[in-house]
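Reviewing the structure listed below.
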């Protein structure tokens, strides 16, 4: 015989309907999967190795260093430098000698998720920056960090953490730039955010550090969700996260524009572009090597990298390109002007970074082959120069005994000639003077602007002049002017990275070909077509050269006329502080905190308010459901007929009702418990007569346990308390409230049950299917077969919850012991 | 330990009557038997692992009420029973769920397959779904007994201690 549960609308049944839906989805996905089979993995061992080796070395650097550091602190730096060097060498080898390559491993084929990595031009460029500058930074930090910790009286055991997180940053950058699957990109993207959080908050005892780290994490983390949303939008539409496939199949339109815009916003926030720029100067709270890395090759570079990676999707929409132009130009100007008004070295550099990446975004916005390629070239030139400049700032501070302000530094040229020369090369590189790699970055920049036509060359000129001005200010502020106090000698390990980076800036200005070819390869990925560029010196009066000359001339003018505009720059930065986006950030953060606190208090204030917080929304929802359902469905709230077979049922129902009403009368607690359980047991009889023996059985058991529990609780209560509550009558006010609440809930419950039970049976019910399938499952009892077979996974989840509840009880009452 | 031999129903130092204790003792095995029966007949008749676990738990609860924590625990040797129920139940359920995965089938593929012959031992059927049901029984029983035991220990240690945690002992 079949025991059919007659109580319809149980969660089980609804869940089953849900499963039907997901089955259809799965079929849909399988179709999609077969479509994307057109992307066969290349499986030459060499090209596979060219991807796997750099990736593996970069990813393994952090754990290895952390391990070495835990064993012996002194091993941290050597192991860190060695692993970074190995990773750098592997990237160089993989690109220059093996010629790049790709791997594609479907790890969740049902959802078409793949571990797809490719060492293409764009990946090679950024991976070299991440590992190369990572190497320089780790080497520099091996000397800088002990000094830094000594200033703060912190133990050496804090060192491994630093190196491990820098290398984790490096590893996630390498993973990010090689990933071809948007989901992988998202994962590595968030890993960089996590690494940056711990690095910015490295001086964890300082509130400023923690605040800044949280800000960087929130700004980049919340916008990272937009990246995920964009990726999901594309996945839903095209059934794949794989970028090459998406670039091939995605059709221009509003949908694609929206998805690309979401991803671009994530990139812009990470590159600290207006209006997200405020987190970057804050992040200067981090130790100097972190800033150097964040700005040149990692965090901020990751932002423009992402734009470069999804650029083929972005450039399908002229609107997005124009938006990039506006944002890039705004960042260029805001960053440039604020850099002119800052006194603290690292602040100046931070705003210059905002401005410099504004250039890059601007170039992406300009579009065309020159725009895409020039953006990549710009990133290389900027990374070399900016990391050297940051390390210079740290070195100058260290050498002067902790001075961080430009107005209190000066005249270091004589005492630190090598530092002055190397950082001079780097500054010249950023300011685009001839014979540095920077000259070409501006040449390409102007070229891209000219390609687009007026007025963009003028905007570009404006940006270039700003750069020249603040770079002049930075370098002369440290090295020229009168000497201020003693300057301590610096260890070679701190000077060497700066020198090497400075030399590279010069070398790039003379032998530009290798950089240009790397750029062309990267530009090809971004532009999805050839992007030939030919940076070279031309001794003639072509427009590009005229613009460069104009930059130098006007820049000199601006530098000389500093007293005229210094006040204006100060006012601009003041306005930014009062009205700028950081205000909005603080405002929304405190607002959200307050809101959350208030909700929290509403819930936990008293037991009564907590119950009210649950019951009132429940009542409103059920009531709304009744109002909506009543007119929509025919036959609901109908009154049926009573037949003689129904008499036992009615008797049981009446008994339940009588017991329920009677429960309001007794004062004595024991009587109350017994009356309540009488009501419950009568309800059990109702289930039994209604044709649900399984439900009845469960109800009997629950009722029994509940009665015993209530009695046990009574036994635990001090008898005085019980006596007092029995003899003290309730006030008329509480009585009235009790009647109102009781009446209201009775009406809602009555309507709810009536509505549910009077609803006509649907034609095709899940119950019928269950009955049909039960013999196949060798079962006679439908309920059991539903629990153990049809809905087995749900049951597994439920008993796991039961188990966790037991562990919770054990944790609360017996310190986690089960015996 | 303040009230070694009395259960929770006793107020003001009054011990459980001999009558209650005798009935509790007599009822223990039949109650367990009922639980097992509900479990075994699960696939053929009303009831399943959930109910069976609760019934078996109730059988023990009755002993705790009648004899008090110390004595019940001592006599019935319940010390490791909750842990065994918990671990064994979870293990059994997970095994039936995921072993098919190792054999290349979707999870929760029960065998024998639909239409195949099933070995019957009375109403008891030798199928993996029943094994899963036994896992459910063990887990629920482990939970019920564990919750009773822990709460009883806490209240016997600190007589004013709370016991609201036992609410979930039902389904």
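Residue numbers (my numbering), protein chains in the order written: chain W, 17 to 835; chain G, 5 to 175.
We treat Cβ as the ideally placed atom computed from N, Cα and C, and that holds for glycine.
Keep in mind the model is a prediction, meaning the values are calculated, not measured.
Does any CB atom of chain G fall closer than 9 Å to the CB of residue i?
i              : result
residue 625(W) : no
residue 261(W) : no
residue 37(W)  : Low confidence applies to residue 37(W): its pLDDT is 40, below 50, so where it sits in the model is not reliable enough to give any reading.
residue 695(W) : no
residue 630(W) : no
residue 54(W)  : Summary for residue 54(W): the model assigns pLDDT 35, below 50, so the residue's position carries little reliability; its value from the coordinates is reported in the next sentence. No, no contact with chain G.
residue 51(W)  : Summary for residue 51(W): the model assigns pLDDT 31, below 50, so the residue's position carries little reliability; its value from the coordinates is reported in the next sentence. With 9 Å as the cut-off, residue 51(W) does not count as an interface residue toward chain G.
residue 795(W) : yes
residue 718(W) : yes
residue 622(W) : no
residue 57(W)  : Confidence in residue 57(W) is poor, its pLDDT being 42 and thus under 50, which makes the residue's placement too unreliable to answer from.
Leaving aside the five residues before and after residue i along the sequence, list all residues of the same chain whose C-beta is less than 8 Å from its C-beta, in chain order.
i              : result
residue 588(W) : 353, 354, 357
residue 815(W) : none
residue 525(W) : 445, 450, 451, 452, 453, 454, 455, 456
Who are the Cβ neighbours of residue i in its own chain at under 6 Å, not counting the five residues just before and after it?
i              : result
residue 312(W) : 149, 399, 402, 403
residue 112(G) : 101
residue 279(W) : 243, 246, 326
residue 306(W) : 215
Look at the alpha carbon of residue i and the alpha carbon of residue j, and state the distance between them as a whole number of angstroms.
i              : j              : result
residue 625(W) : residue 631(W) : 10 Å
residue 269(W) : residue 257(W) : 18 Å
residue 834(W) : residue 818(W) : 14 Å
residue 130(G) : residue 699(W) : 35 Å
residue 603(W) : residue 365(W) : 27 Å
residue 137(W) : residue 118(W) : 12 Å
residue 780(W) : residue 786(W) : 11 Å
residue 204(W) : residue 471(W) : 38 Å
residue 70(G)  : residue 25(G)  : 5 Å
residue 628(W) : residue 764(W) : 15 Å
residue 178(W) : residue 473(W) : 43 Å
residue 98(W)  : residue 476(W) : 41 Å
residue 196(W) : residue 308(W) : 27 Å
residue 583(W) : residue 460(W) : 33 Å
residue 424(W) : residue 158(W) : 27 Å
residue 68(W)  : residue 94(G)  : 40 Å
At which residues does the alpha helix (DSSP H) containing residue i begin and terminate?
i              : result
residue 158(W) : 137 to 167
residue 94(W)  : 92 to 108
residue 22(G)  : 22 to 44
residue 260(W) : 259 to 265
residue 225(W) : 223 to 254
residue 385(W) : 384 to 415
residue 839(W) : For chain W, the structure presents residues 17 to 835; residue 839(W) sits outside this window and is missing.
residue 62(G)  : 53 to 71
residue 563(W) : 559 to 576
residue 271(W) : 270 to 286
Taking residue i as the query, report the chain W residues whose CB atoms sit under 7 Å from its CB, ordered along the chain.
i              : result
residue 103(G) : Within 7 Å Cβ-Cβ: nothing; residue 103(G) doesn't reach chain W, min ~13 Å.
residue 136(G) : 804, 808
residue 48(G)  : 796, 797
List, in order along the chain, the chain G residues whose C-beta lies closer than 7 Å to that of residue i?
i              : result
residue 799(W) : 52
residue 246(W) : None at all; the shortest Cβ gap to chain G is about 33 Å.
residue 811(W) : 140
Hey, is residue i's beta-carbon within less than 9 Å of any beta-carbon in chain W?
i              : result
residue 73(G)  : no
residue 23(G)  : no
residue 83(G)  : yes
residue 116(G) : yes
residue 100(G) : yes
residue 126(G) : no
Mind listing the chain G neighbours of residue i? Cutoff is C-beta to C-beta under 8 Å, in chain order.
i            : result
residue 2(W) : Not covered by the structure: residue 2(W). The range shown for chain W is 17 to 835.
Note down, in chain order, each residue of its chain lying with its Cβ closer than 7 Å to the Cβ of residue i, except the 5 sequence neighbours on either side.
i              : result
residue 25(W)  : Annotation note: pLDDT 38 at residue 25(W) (below 50); position unreliable, coordinate value reported separately. Same-chain partners within the cutoff: 772.
residue 187(W) : 74, 75, 77, 78
residue 540(W) : 137, 546, 547
residue 527(W) : none
residue 36(G)  : 60, 63
Mind pulling the chain W residues with CB within less than 9 Å of residue i?
i              : result
residue 157(G) : 829, 830
residue 154(G) : 822, 825, 826, 828, 829, 830, 833, 834
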